[in-house]
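Take a look at the structure set out below.
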Amino acid sequence: MATSVAVAKKLETIFKDRGYGDKVELSTCTVAEMESKARNYDLIVTTAQVNKPMPVKVIMGIAFLIGRGTEPVIKEIFESLGFDS
């Protein structure tokens with residue numbers, strides 16, 4: 192399973208568990224696709240280094256892969272989307 196898919200599945204569960212499952216749309220892509228796809232979303236959660244400016248906020252999602260330090264990242268994601276965490 193690709194890291195982006197693993198993180199997307201974890202985020203999907205988090206959003207559902209906190210009552211926001213019907214308010215978000217998750218998508219995965221390659222780093223090469225990121226800039227063009229970003230225009231259709233409110234933010235990017237990535238496990239890859241992003242070396243150029245993106246049209247939306249970029250949040251590092253490595254914490255979801257290692258299983259530690261996820262709460263601050265979840266808080267940042269929720270705040271960026273205007274959700275209560």
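Sequential numbering of the sequence shown, starting at 192, is according to the numbering used here.
Here a beta-carbon is modelled for each residue, glycine too, at the ideal position from N, C-alpha and C.
Computed from a prediction, not measured in an experiment: that's the story for all the values here.
- Contact annotation, T261 with F269: C-beta distance approximately 12 angstroms; criterion of less than 8 angstroms not satisfied.
- Rounded to whole angstroms, D233 and V198 show a C-alpha spacing of 17 angstroms.
- Linking V247 to G258 through their CA atoms gives a straight-line distance of about 25 angstroms.
- G252 counts as buried, since at least 16 other C-beta atoms from the protein chains shown sit within 10 angstroms of its C-beta.
- In the structure shown, the three-state DSSP call for L217 is coil.
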